[in-house]
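Quick note on this note's numbering: the sequence shown kicks off at 231 and runs consecutively. Just so you know, even glycine gets a beta-carbon here, dropped at the ideal spot from N, CA and C. Nothing here was measured: the structure is a model prediction, and the numbers come from that model. Following: one structure in structure tokens, then a few remarks.
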Amino acid sequence: MQLRVTALGLAIGCAIGLMVQAKAAPAAAILDRAFVMAQAMVPPTGMGGTDKGMAAEERMRRRFPQAVRVGDLIGLPVLDDNERTIGFVRQVVRTPQNKIELIVAYDGWFGWGARLVAVPIEVVGILGRELASLDMPPGEYAAAPTWRGTDETALPNDASIRVALARR
């Protein structure tokens with residue numbers, strides 16, 4: 231009971247303090263603060279960016295790539311711009327040209343009937359426990375050839391690679 235009375239007293243005290251501040255501050259100052267906050271919105275990273283003319287490697291460098299353990303990428307969903315799941319990462323490989331590719335299970339129904347597609351690491355960004363397909367729209371996944379895995383070398387789970395950061 232004593233805790234409830236204390237919490238009620240704190241709530242009333244905070245409400246009185248806010249009312250005093252609101253009367254002391256002119257209305258224009260409050261509106262200016264709200265307007266500044268609206269101006270601070272940043273568009274999400276994605277395929278609609280203005281840097282389409284530059285190479286994928288340069289776009290990746292501009293997205294502040296961070297070291298990620300390969301084992302942590304296995305099983306992550308790959309999302310499109312509308313946050314729909316395109317597929318799931320099954321493997322990470324290195325090509326004979328020393329490029330890193332994610333092998334993504336694409337176009338399946340709950341994992342059944344999916345085909346494997348190689349996705350360059352430069353066209354994705356990491357969003358916590360998800361990967362965003364930043365520079366490869368879903369149509370390119372559909373047009374990509376099925377991955378056969380003939381010349382690539384699978385990277386071990388404890389290897390570390392760099393993945394670009396993405397934001398919503």
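Evaluate PHE318 with the Cβ neighbour count: other Cβ atoms within 10 Å of its Cβ, from every protein chain shown; 16 or more gives buried, anything less gives exposed.
Position 88 of the sequence shown, counted from the start, is the residue given in the question as residue 318. When all chains shown are included, PHE318 counts as buried.
What are the start and end residues of each continuous beta strand (DSSP E) run of 3 or more residues lying completely inside the segment 285-367, in chain order?
Within the segment 285-367, the complete beta strand (DSSP E) runs of at least 3 residues are 296-299, 307-309, 315-324, 330-336, 345-350, 354-356, 361-363.
Mind checking GLU331: buried by the 16 CB within 10 Å criterion, or exposed?
Locating residue 331 in the sequence shown gives position 101, where the first residue counts as 1. Result: buried.
Which residues share a DSSP beta bridge with THR383?
Residue 383 sits at position 153 when you count from the first residue of the sequence shown. Paired residues: ARG324.
Going by DSSP, which residues form a beta bridge with ARG397?
Position 167 of the sequence shown holds residue 397. According to DSSP, which records beta bridges pairwise, ARG397 is partnered with nothing at all.
With 16 other CB atoms within 10 Å as the buried threshold, where does GLY355 fall?
On the sequence shown, residue 355 is found 125 positions in, with the first residue counted as 1. GLY355 is buried by the Cβ-count criterion.
Per DSSP, ARG392 is paired with what?
Locating residue 392 in the sequence shown gives position 162, counting from the first residue. Answer by DSSP bridge pairing, in chain order: ALA297.
Please go through the same chain and pick out, in chain order, the residues whose beta-carbon is closer than 8 Å to the beta-carbon of ILE304, but skip the five residues on each side of it.
By one-based count along the sequence shown, residue 304 stands at place 74. Hits under 8 Å: VAL319, ARG320, GLN321, VAL322, ASN387.
With DSSP as the reference, label ALA373 as helix, strand or coil.
Your numbering for residue 373 matches position 143 in the sequence shown. Residue state, collapsed to three classes: helix.
Going straight from the alpha carbon of PRO295 to that of GLU288, what length do you get?
Position 65 of the sequence shown, counted from the start, is the residue given in the question as residue 295. Position 58 of the sequence shown, counted from the start, is the residue given in the question as residue 288. Cα to Cα, PRO295 sits roughly 11 Å from GLU288.
Does the distance from the C-beta atom of GLU370 to that of THR325 stay below 8 Å?
Residue numbering aside, residue 370 sits at position 140 when the sequence shown is read from its first letter. Residue numbering aside, residue 325 sits at position 95 when the sequence shown is read from its first letter. It is not a contact, given that the beta carbons lie outside the stated cut-off.
Going along the chain, which residues of its own chain have a beta-carbon closer than 8 Å to the beta-carbon of VAL298, five neighbours each way excluded?
What you label residue 298 is simply residue 68 of the sequence shown in a count that begins at 1. Excluding positions up to five away in sequence, the list reads ILE356, SER390, ILE391, ARG392, VAL393.
Which value, in whole angstroms, describes the spacing of the CA atoms of ALA285 and ASP365?
Counting from one through the sequence shown, the residue named residue 285 turns up at place 55. Counting from one through the sequence shown, the residue named residue 365 turns up at place 135. C-alpha separation (whole angstroms): 11 Å.
Less than 8 Å between the CB atoms is what I'm expecting for ARG293 and LEU395, so what's the real figure, rounded?
By 1-based counting over the sequence shown, the position of residue 293 is 63. By 1-based counting over the sequence shown, the position of residue 395 is 165. At roughly 5 Å, the Cβ-Cβ gap stays under 8 Å, so ARG293 and LEU395 are in contact.
Exposed or buried, GLU352, counting other C-beta atoms within 10 Å across all chains shown (16 or more means buried)?
For this step, residue 352 is matched to residue 122 along the sequence shown. Flag for GLU352 reads buried.
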